[in-house]
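Chemist: I'd like to ask some things about the structure below.
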Amino acid sequence: KAGVTQTPRYLIKTRGQQVTLSCSPISGHRSVSWYQQTPGQGLQFLFEYFSETQRNKGNFPGRFSGRQFSNSRSEMNVSTLELGDSALYLCASSLYSNQPQHFGDGTRLSIL
Amino acid sequence: AQKVTQAQTEISVVEKEDVTLDCVYETRDTTYYLFWYKQPPSGELVFLIRRNSFDEQNEISGRYSWNFQKSTSSFNFTITASQVVDSAVYFCALSASGSARQLTFGSGTQLTVLP
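These protein sequences, in sequence, are chains P and S. The working numbering applies: residue 23 is where the first sequence begins, and numbers increase by one. The working numbering applies: residue 744 is where the second sequence begins, and numbers increase by one.
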């Protein structure tokens, strides 16, 4: 069974640009969550989608947004990039509520 | 508010030694889940275990064991006879019943197992 797939693996952008990251969950999983990992702040929850609806949102500015498609694939968008957005962005999927989340390899975003 | 504390930032052991990673949590919820994840250098978070707040039984899986104590709000992880391949960052995480898929992570413990 294929795991969670995130694309691209690496991305380099400049300040002010916008970026879209993609996540394909494990087949059959309907919940997709996004996390940001930085050396300073650690792992922080961004948002969670279930059946195309955002269910939870972490404490991030509105520049961070996401969506989920009918096939459960999810995208995350960050607009007006700042240097502090440089991070590893991890996507996780789970089958049902309270089931363990399974993570992808992440997208490493670098802002120049 | 929820909080997970992993006081040990880095631990180094020699292969075959036993090592315990500490995790202390805070939550007002009576129903919650605790997790341990392993993050090797590749970056992917690998799920190790989930425990719900009503199940205080300790668990053993091969060389791994977990000790959950609600009285001290701790969920410690022990690796017996450590191996070089165990070298990774280990994260303890918490989710409450109201937001089951929103994990609150500790800051992680970097474990280095020396040959």
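Every residue gets a Cβ at the ideal spot worked out from N, C-alpha and C, and that includes glycine.
1. What's the gap between the Cα of P:R95 and the Cα of S:V757?
2. Hey, could you find the ends of the beta strand (DSSP E) P:T29 is sitting in?
3. Is it true that the segment 790–799 of chain S meets the segment 775–782 of chain S, where meeting means three or more beta-carbon pairs spaced less than 8 angstroms apart?
4. Using 9 angstroms as the limit for Cβ to Cβ distance, is S:E787 near chain P?
5. Do S:D761 and S:S825 come within 9 angstroms of each other at the CB atom, strictly closer than that value?
6. Taking 8 angstroms as the cut-off, does the segment 35–47 of chain P touch the segment 803–815 of chain S (at least 3 CB pairs, one atom from each stretch)?
7. Under a Cβ-count criterion, where at least 16 other Cβ atoms within 10 Å of its own Cβ denotes burial, should S:R844 be classed as buried or exposed?
8. Buried or exposed: which applies to P:S46, given that a residue is buried once 16 or more other Cβ atoms fall within 10 Å of its Cβ?
9. Beta carbon of P:A109, beta carbon of P:W56: below 9 angstroms?
10. Please list, in chain order, the chain S residues whose beta carbon lies closer than 7 angstroms to that of P:E70.
11. Taking C-beta pairs closer than 8 angstroms, name the residues in chain P that S:S796 reaches, listed in chain order.
12. Is the beta carbon of S:N810 less than 9 angstroms from the beta carbon of S:F818?
13. In the structure shown, what three-state DSSP assignment does S:L854 receive?
14. With S:F811 as the anchor, note down where its beta strand (DSSP E) starts and where it stops.
15. What are the residues in the segment 35–57 of chain P lying within 8 angstroms of chain S by C-beta distance?
16. I'd like to know whether the C-beta atoms of S:S755 and S:T855 end up nearer to each other than 9 angstroms.
17. Return helix, strand or coil for P:L105, following the three-state DSSP convention.
18. Return yes when the Cβ of S:Y768 is within less than 9 angstroms of the Cβ of S:Q739, no when it is not.
19. Can you tell which of S:V827, S:T847 and S:E787 has its C-alpha closest to the C-alpha of P:Q137?
20. For S:T815, does the three-state DSSP call read helix, strand or coil?
21. Would you say S:A831 lies against chain P (beta-carbon separation less than 9 angstroms)?
22. Let me make sure I understand the geometry here. Which of P:L117, P:F86, P:Y118 and P:G80 has the alpha-carbon closest to that of P:L65?
23. Does the beta carbon of S:G805 sit closer than 9 angstroms to a beta carbon anywhere in chain P?
Modeler: According to the structure shown:
1. Their backbone Cα atoms lie some 43 angstroms apart in a straight line.
2. Looking at the DSSP string, the run of the beta strand (DSSP E) that includes P:T29 is T27 to T29.
3. Short answer: they touch.
4. True, the Cβ-Cβ gap to chain P drops below 9 angstroms.
5. Their beta carbons are under 9 angstroms apart, which means S:S825 touches S:D761 by this criterion.
6. Here the segment 803–815 of chain S does not lie against the segment 35–47 of chain P, with fewer than 3 beta-carbon pairs under 8 angstroms apart.
7. By the neighbour-count definition (other C-beta atoms within 10 Å, threshold 16), S:R844 is a buried residue.
8. The residue in question, P:S46, is buried, as its Cβ has 16 or more Cβ neighbours within 10 Å.
9. Not a contact, by the Cβ cut-off of 9 angstroms.
10. For a Cβ distance threshold of 7 angstroms, residue set R844 and Q845 of chain S lies close to P:E70, ordered along the chain.
11. For S:S796, none of the residues of chain P pass the 8 angstroms Cβ criterion, the least Cβ distance being about 11 angstroms.
12. Yes.
13. DSSP places S:L854 in strand when its eight states are reduced to three.
14. Its beta strand (DSSP E) spans residues Y807 to Q812.
15. Taking a C-beta cut-off of 8 angstroms against chain S, the contacting residues of the segment 35–57 of chain P are S53, S55 and Y57, listed in chain order.
16. In contact: S:S755 and S:T855 (Cβ atoms closer than 9 angstroms).
17. In the structure shown, P:L105 sits in a helix (DSSP, three-state: H, G or I).
18. Coverage of chain S is limited to positions 744 through 858, which leaves residue 739 of chain S absent and any answer about it impossible.
19. The shown model of chain P, from 23 to 134, leaves out residue 137 of chain P, and the question about it has no answer.
20. Of the three classes helix, strand and coil, the one that applies to S:T815 here is helix, per DSSP.
21. So, not an interface residue.
22. Closest option to P:L65, Cα to Cα, is P:G80.
23. No, because no Cβ of chain P sits closer than 9 angstroms to the Cβ of S:G805.
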